[in-house]
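These notes concern the structure reproduced below.
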Amino acid sequence: MPLRAIPPRTALLAFERAASQLSFRRAARDLALSPSAISHQIRGLEAQFGVKLFVRGARSVRLTADGERYLAKVSLALATLQDAGREMLRHRRDGGSELWISALPFFTSTVLIPALPDFKRRHPALTLRIEATHQYADFNASRVDVAIRYGREHSTGLKFEPLVEVRGLPVCAPALIKGGLRKPEDLSRQILIHLTTQPRAWPAWLNGAGIPQLVPRGHLWLDSVPAMLEAAEQGLGVTLAMAPLIKARPGFGKKLVAPLAFEAAHSETIYLVSRTEQARDRRIGAVRRWIADAVGRARQ
3 MPLRAIPPRT ALLAFERAAS QLSFRRAARD LALSPSAISH QIRGLEAQFG VKLFVRGARS
63 VRLTADGERY LAKVSLALAT LQDAGREMLR HRRDGGSELW ISALPFFTST VLIPALPDFK
123 RRHPALTLRI EATHQYADFN ASRVDVAIRY GREHSTGLKF EPLVEVRGLP VCAPALIKGG
183 LRKPEDLSRQ ILIHLTTQPR AWPAWLNGAG IPQLVPRGHL WLDSVPAMLE AAEQGLGVTL
243 AMAPLIKARP GFGKKLVAPL AFEAAHSETI YLVSRTEQAR DRRIGAVRRW IADAVGRARQ
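Residue numbering for the sequence shown follows the working numbering, starting at 3 and increasing by one per position.
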């Protein structure tokens, strides 16, 4: 069967999200992409078919007649694919001995990995497959059974269970304290280490500390929390860690310290996410109890 008329899945998802919400920005948030990436995918569709799918305004977009017709059929096709995928995943889960977890990299390294021996003692017949990622798990199109993630975005068919509240905590090598880092204002003489997927983390922390206009000596951007913490331990700057979970990191209090007495008021909740249809799945229940116990140990 010729497939030239079937665009890539990424383009179809970008179009469906943007068309349903009439917003490239919200589509980008839903798919963990940038608005420019959404726009690029849609322009590719328009070039492929030789039509305009959107009328772009200064602050808004709307569908053309061609876009309306295409949205109706794309939505139906994606819904059909989702149903087929759920059926396949349900069939696999019914008799499977594997369970897939999608978790934040820091949570994986600090909470899950140290607790793995305990899991194997409890459930020797169950194999875990853990993906450490900042991307939101796609429960419709992937093999994920359980996800660990920030925030409670509205998602039909998913169950959100709060695990722990975390706050941004500045951390650095002890040498920076000896160099005079003792109060929030002293950050003006430091390099701030950022996570590329959370560009608002430091501005939000500085705003909460009452110094939103503070200009640091420089910035360092890294793509993972473990890399940020390693850079901070090497004395390259100050980064934000997740308190209280950071206390479970080996070497905290020695190689990595919290130099400031100020505690951020704003907190985020880390949730355990699973499908509502799996509420009585014994494997999910076993993993839920294991993760809750692991979080309790990490907070001590």
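Glycine included, each C-beta is placed from N, C-alpha and C at the ideal position.
Just so it is clear, the structure is predicted and the values come from calculations on it, not from any experiment.
In the DSSP assignment, Phe51 falls outside any beta strand (DSSP E) and lies within the alpha helix (DSSP H) extending over 37-51.
For Ala149, the enclosing beta strand (DSSP E) starts and ends at 148-152.
In the three-state reduction of the DSSP assignment, Tyr138 falls in the coil class. Cβ-Cβ separation between Ile193 and Leu222: approximately 6 Å, consistent with a contact (criterion under 8 Å). For Thr12, the uninterrupted alpha helix (DSSP H) run begins and ends at 11-23, by DSSP. Proximity of the stretch 201-219 to the stretch 132-144 falls short of the contact definition, fewer than three beta-carbon pairs being nearer than 8 Å. Apart from the 5 residues on each side of it in sequence, Leu208 sits with its Cβ closer than 8 Å to the Cβ of Pro186, Leu189, Pro214, Leu216 in its chain, given in chain order. Ala296 is the residue among Ala296, Gln302, Arg301 whose C-alpha sits nearest the C-alpha of Ile115.
Residues Leu171, Val173, Phe254 of the same chain have their beta carbon placed closer than 7 Å to that of Ile248, with the five preceding and five following residues left out of the count. Restricting attention to beta strand (DSSP E) runs no shorter than 3 residues, the stretch 186-256 encloses them at 193-197, 220-224, 240-245, ordered along the chain. Within the same chain, and ignoring the five residues on either side of Ala260 in sequence, the residues whose Cβ sits closer than 6 Å to its Cβ are Leu171, Val173. In terms of Cβ geometry, Arg64 and Leu24 form a close pair [threshold 8 Å]. Here Thr271 is near Glu167, since their CB atoms are less than 8 Å apart. If you look at Val259, you'll find it isn't in any beta strand (DSSP E); DSSP assigns it neither H nor E. One thing to note: Leu106 has its Cβ no nearer than 8 Å to the Cβ of Ala21. Under the three-state reduction of DSSP, Pro176 is assigned to helix. Secondary structure note for Ala105: its beta strand (DSSP E) is the uninterrupted segment 100-105. Looking from the CA of Pro201, the closest CA among Asp225, Arg191, Arg184, Gly182 belongs to Asp225. In this chain, the alpha helix (DSSP H) harbouring Arg28 covers 26-33. For Glu270, the beta-bridge partners assigned by DSSP are Val168. Beyond the five residues adjoining it in sequence on each side, Ala13 comes within less than 7 Å, by CB distance, of Gln43, Gly46, Leu47 in the same chain, given in chain order. DSSP places Leu65 inside the beta strand (DSSP E), whose first and last residues are 63-65. C-alpha of Gln280 to C-alpha of Asp147: approximately 9 Å in a straight line. DSSP places Arg131 in the strand class (E or B) of the three-state scheme.
The DSSP-derived three-state label of Leu55 is coil. In this chain, the alpha helix (DSSP H) harbouring Asp120 covers 115-124.
Shown here for Ala234: same chain residues with a beta carbon closer than 7 Å to its own, the five before and five after excluded, namely Val173, Cys174, Ala175, Ile195, Val240, Thr241, Leu258 in chain order. Per the coordinates, the alpha-carbon of Ala266 lies some 11 Å from the alpha-carbon of Trp204. With a threshold of 16 other beta carbon atoms within 10 Å, Thr82 falls short and is exposed. In the DSSP annotation of this structure, Ala263 is not part of any alpha helix (DSSP H), being labelled neither H nor E.
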